[in-house]
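**Student:** Please find one structure pasted underneath; my questions will follow.
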């Protein structure tokens, strides 16, 4: 009976399990585009949060599959080493890896002190080089700037909304544009840290946004009265 027979059986069992996991790639459509898997022809008129959710889930599935693939390759290498009698040798120092470490981590290739898992990456995400927050793309206070900014992007997407409710349609009024919220009610209606718990727990702030909203309500009511008269 070989020294590593038990570990070999453990590796083979894990290899078979990973084979089944890797077959699931077709079920998650990871080999197809995200537009195909979500059924969306275009992401342009989708809410950014919905698109972010789809992107996050796709990225998570890809990361999990890559992790499984790496585990499978490590197992294949370990089994190959067992066959050619090089298993259990530290790739850095050449010393014997303790059997306790191999039993706990059969794919170990080095002594614990040389493990790459102890290396803490210092690199920051590349996105941090370009993401500077909303203000970087907000040019409303710069009268010399006519660039299509982040707020313009929201308004363009909002134009796809067929709902005629006042607080949604008002976001398209470029003449009296108010900045800092998505729906106008959010500028003066607030709840506690516990969130919405009924209409009686909503606080109304009597600010400029509230006055702007009420003025629109008054204009709409006056317009409705004129229509009824005719």
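Numbering (this note's numbering), first residue to last: 4 to 233.
Using N, Cα and C, we set each Cβ at its ideal position, and we do this for glycine too.
The model shown is predicted, which means the values in this text are computed figures rather than measured ones.
Tell whether a beta-carbon distance below 7 Å holds between residue 93 and residue 113.
**Tutor:** Going by C-beta atoms, residue 93 is nearer than 7 Å to residue 113.
**Student:** How would you label residue 55, buried or exposed, when you count the other beta carbons within 10 angstroms and need 16 or more for buried?
**Tutor:** With fewer than 16 other Cβ atoms within 10 Å, it is exposed.
**Student:** On the three-pair Cβ rule with 8 Å, is the segment 64-83 touching the segment 4-16?
**Tutor:** Yes, the segment 64-83 is in contact with the segment 4-16.
**Student:** For residue 203, write down the residues that DSSP places opposite it in a beta bridge.
**Tutor:** Note: residue 203 sits in no beta bridge, so no partner.
**Student:** Should residue 176 be labelled buried (16 or more other beta-carbon atoms within 10 Å of its own) or exposed?
**Tutor:** Note on residue 176: pLDDT 47, under 50, position unreliable in the model; the coordinate value appears next. When all chains shown are included, residue 176 counts as exposed.
**Student:** Under the three-state reduction of DSSP, which class applies to residue 167: helix, strand or coil?
**Tutor:** Per-residue confidence for residue 167 stands at a pLDDT of 49, beneath the threshold of 50, marking its modelled position as unreliable; no derived number is given.
**Student:** Using a Cβ-Cβ cut-off of 7 Å (strictly less than) and excluding sequence neighbours within five positions of residue 71, which residues of its own chain qualify?
**Tutor:** The residues are 21, 24 and 25.
**Student:** List the DSSP bridge partners of residue 99.
**Tutor:** Per DSSP, 92.
**Student:** So is residue 65 buried or exposed if we call it buried at 16+ other beta carbons inside 10 Å?
**Tutor:** So residue 65 ends up on the exposed side.
**Student:** Just the C-alpha distance for residue 129 and residue 62, rounded to the nearest angstrom, thanks.
**Tutor:** Going by the C-alpha atoms only, they are around 16 Å apart.
**Student:** Would you say residue 205 and residue 190 are within 7 Å of each other, going by their C-beta atoms?
**Tutor:** The answer is no: Cβ separation not under 7 Å.
**Student:** Just tell me which of 17, 18, 187 and 90 has its CA closest to the CA of residue 215.
**Tutor:** Selected option, being the one with the closest Cα: 187.
**Student:** Could you round the C-beta distance between residue 48 and residue 211 to whole angstroms and report it? I think they count as a contact, below 8 Å.
**Tutor:** With a Cβ gap of about 30 Å, residue 48 and residue 211 do not count as contacting.
**Student:** Residue 26 by DSSP, collapsed to three states: which one?
**Tutor:** Residue 26 falls in the helix class under three-state DSSP.
**Student:** Just curious, the alpha helix (DSSP H) that residue 78 is in, first and last residue?
**Tutor:** Unbroken alpha helix (DSSP H) run through residue 78: 51-86.
**Student:** Using a 10 Å radius around the Cβ and a threshold of 16 neighbouring Cβ atoms, would you call residue 223 buried or exposed?
**Tutor:** When all chains shown are included, residue 223 counts as exposed.
**Student:** Which class does residue 195 belong to by DSSP, given the choice of helix, strand or coil?
**Tutor:** Note: residue 195 maps to coil in three-state DSSP.
**Student:** Please say whether residue 17 and residue 78 have beta carbons closer to each other than 7 Å?
**Tutor:** In contact: residue 78 and residue 17 (Cβ atoms closer than 7 Å).
**Student:** Classify residue 234 as buried or exposed, calling it buried when 16 or more other Cβ atoms lie within 10 Å of its own Cβ.
**Tutor:** Past the boundaries of the shown model lies residue 234; the chain is included only from 4 to 233, so the question cannot be answered.
**Student:** Residues in the same chain with beta-carbon distance under 7 Å from residue 5, minus the five sequence neighbours each way, listed in chain order, please.
**Tutor:** None.
**Student:** Mind checking residue 7: buried by the 16 CB within 10 Å criterion, or exposed?
**Tutor:** Buried, since its Cβ has 16 or more Cβ neighbours within 10 Å.
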